[in-house]
Amino acid sequence: MPNKIAYAALLLWPIITIILFQAMPLRRALIWSLLGAYMFLPVRTGFDLPGLPNLDKSTIPNVCTLVCVVLFSREKYLRMPKSGTVVLLMAIFFISPLLTGFNNRDPIILSQSSIPGMTMYDSLSAMFTQACTLIPFILGYSLLSRSSDHQEVLRALVIAGLIYSLPTLWEVRFSPQLHVQLYGFFPHEFIQAIRSNGYRAIVFMGHGLLVSIFTCMCLLAAVGLWRQKVAIRRVPPPAVAGWLSFVLVMAKSSGAIMFGTIFAPMLLFMRARPLLTIMTGLALVLLTYPALRGTGIIPVKEILSATASVSQDRADSLGIRIYNEENLLAKANQRPFFGWGTWGRNQIYATGWTGDGQASITDGVWIIVVGQYGWVGYTACFGLLCGAFLIAYRARRTLGNAYATISLLMVLMVNLLDLIPNSSLNPFTWLLAGSLSGLSPHMIRRVRRQRAAPPGAPISESLQPGKIA
């Protein structure tokens, strides 16, 4: 159970956000207000007020950041996307709970209990949650769409990774205790933190897998700066990347280590256009992943066999996850368009004379979204998250010298790939997606003008990869 410090941290975050916006430039404060909350606020702690979304480490920073942007900006920064497709996806994402509620008014009757149908109150509450979720996307689109902004995000991620490396290594050595010591409770079963005769760090993110993928994202940001020969606090980029690689290995997550091993060399050595092509292909896979799983195109058996050849323990864990996903996907297909809604209606339950109990485990974001809101909600959610790759691919001929943008796309891609096995979707993910989706009306036109300019013309400031101290 959270202690008073946990609730005090949430209550104090609006004040911290104001301090950040007073002490930093607007765009930098925007980045750190969301990134800092994800790094340090308690998990599974919130204020459940009637008619409002749960006020926790996601919703409170989102709303506070929006308010501060409105209050502290001297210009009209906020703007809706100009792309009709993006606006349509945002509208569907917002109203999908209402459509789901209309389709799920019936209760689910079990042997000795029942799950209530969705009411209009449930739908409106879920719509408020969706609206809060979209805040970072809109802020990123409005304020962080230039190449120089992408460079600032990379810099923030590297600094955050360096800061977080210290408590991460401490918990690897002494066991994950920081969340317990500060906020009064352990966020999940302690046995999940034990790995390879040691521990996986949790710090304040709720699970070791989240710390690992966050470290991998920070590593890729460091590699992106390395590619551009940009130093952080006069520290050579290879040294920063090497240190974060060490921290990633010590975090003991095979999936995150695999992502880092594959994508870091690609980002460092491959040219921009092949990278964009690969990332766009992966984005299309993510957009259609439930259909690919349902039709058997994704070779889950081969993946399971390959995992077993490396580690039987990891294969057993993956096998349980695949089994659950197959059953949950089968249930989701019973209501494919709008899903089953909230209240755990998307879960599978075991019934019997001893009582009713949940018999399924939902780990990946993809199966949660498609189970709750169906294909309509899934397409809207992952369409917004993956749309930046399609925009960038259309402009691939004009993004050859914008490696800050290419690097940030790679950071986002790793986070999105982790949504298949894990629940690592957070406000900073939405900020990245919005920032990169906004590159179309801003940066692409500047790059095209630069390419059309005569030789020797000055490079636009937003495209210059200058050193950041």
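Counting from 1, one number per residue, gives the positions in the sequence shown under UniProt numbering. Glycine residues also receive a C-beta, built at the ideal position from the N, C-alpha and C atoms.
| Check | Outcome |
| --- | --- |
| Euclidean distance between Cα positions of P441 and A315 | Model confidence at P441 stands at a pLDDT of 48, short of 50, so the residue's coordinates are unreliable; what they give is reported in the following sentence. Taking the straight line joining both Cα atoms gives about 45 angstroms. |
| Assigned exposure category for V70 - 16 Cβ within 10 Å defines buried | exposed |
| Alpha carbon of F102 to alpha carbon of W343, nearest angstrom | 15 angstroms |
| Euclidean distance between Cα positions of Q312 and A306 | 10 angstroms |
| Beta-ladder partner(s) of Q151, from DSSP | None, per the DSSP bridge assignment. |
| Alpha helix (DSSP H) runs wholly inside the region 385–419, at least 4 long, in chain order | 403–417 |
| Terminal residues of the alpha helix (DSSP H) in which A23 lies | 4–23 |
| Limits of the unbroken alpha helix (DSSP H) element including T59 | 59–72 |
| Beta bridge counterpart(s) of G357 as assigned by DSSP | A350 |
| Terminal residues of the alpha helix (DSSP H) in which E325 lies | 312–332 |
| Cut-off 7 angstroms between Cβ atoms - residues of its own chain near G51, not counting five sequence neighbours on either side | S125 |
| First and last residue of the uninterrupted alpha helix (DSSP H) at G140 | 120–143 |
| Cα-Cα separation, V180 to P107 | 38 angstroms |
| Through-space distance from A201 to A251, alpha-carbon basis | 6 angstroms |
| Segment contact flag, the region 76–88 with the region 161–171, C-beta cutoff 8 angstroms, min 3 pairs | no |
| Closest by C-alpha distance to L26, when choosing among L10, F72, K4, L49 | F72 |
| M90: first and last residue of the uninterrupted alpha helix (DSSP H) it sits in | 84–102 |
| Simplified DSSP assignment, three categories, for I109 | strand |
| Inter-residue spacing [alpha-carbon to alpha-carbon] between E75 and S142 | 12 angstroms |
| Contact the region 202–221 vs the region 252–264: 3+ CB pairs below 8 angstroms | yes |
| A23 versus N426: straight-line alpha-carbon distance, rounded | 25 angstroms |
| Cβ-based neighbour list, L78, same chain, cut-off 6 angstroms, excluding 5 preceding and 5 following | S142 |
| DSSP state of I202 mapped onto helix, strand, coil | coil |
| Opening and closing residue of the alpha helix (DSSP H) in which M270 lies | Looking at the DSSP string, M270 is not in any alpha helix (DSSP H), and its letter there is neither H nor E. |
| Buried or exposed (CB count within 10 angstroms, at least 16 for buried), L13 | Here residue 13 is Trp; the residue named in the question, Leu, does not match the sequence. So W13 counts as buried. |
| Cβ neighbours of D48 in the same chain (closer than 7 angstroms, five flanking residues each side left out) | N54 |
| Supposed contact pair V223 and L256 - C-beta distance, whole angstroms, cut 8 angstroms | The question names Leu, but residue 256 in the sequence shown is Ala. About 14 angstroms separates the two Cβ atoms, so there is no contact after all. |
| Range covered by the alpha helix (DSSP H) that runs through I232 | Here I232 belongs to no alpha helix (DSSP H), and DSSP marks it neither H nor E. |
| Straight-line Cα distance separating A291 from A8 | 44 angstroms |
| R227: CB within 7 angstroms of a non-hydrogen atom of the ligand NAP | The model on display carries no ligand, and the ligand NAP is accordingly not part of it. |
| For S424, the three-state DSSP class (helix, strand or coil) | coil |
| Of the residues T429, W430, Y403, G341, the one placed nearest S147, counting alpha carbons only | Y403 |
| Whether G371 touches T379 by CB criterion (8 angstroms) | no |
| Whole-angstrom distance between I297 and P336, CA atom to CA atom | 19 angstroms |
| DSSP state of F337 mapped onto helix, strand, coil | coil |
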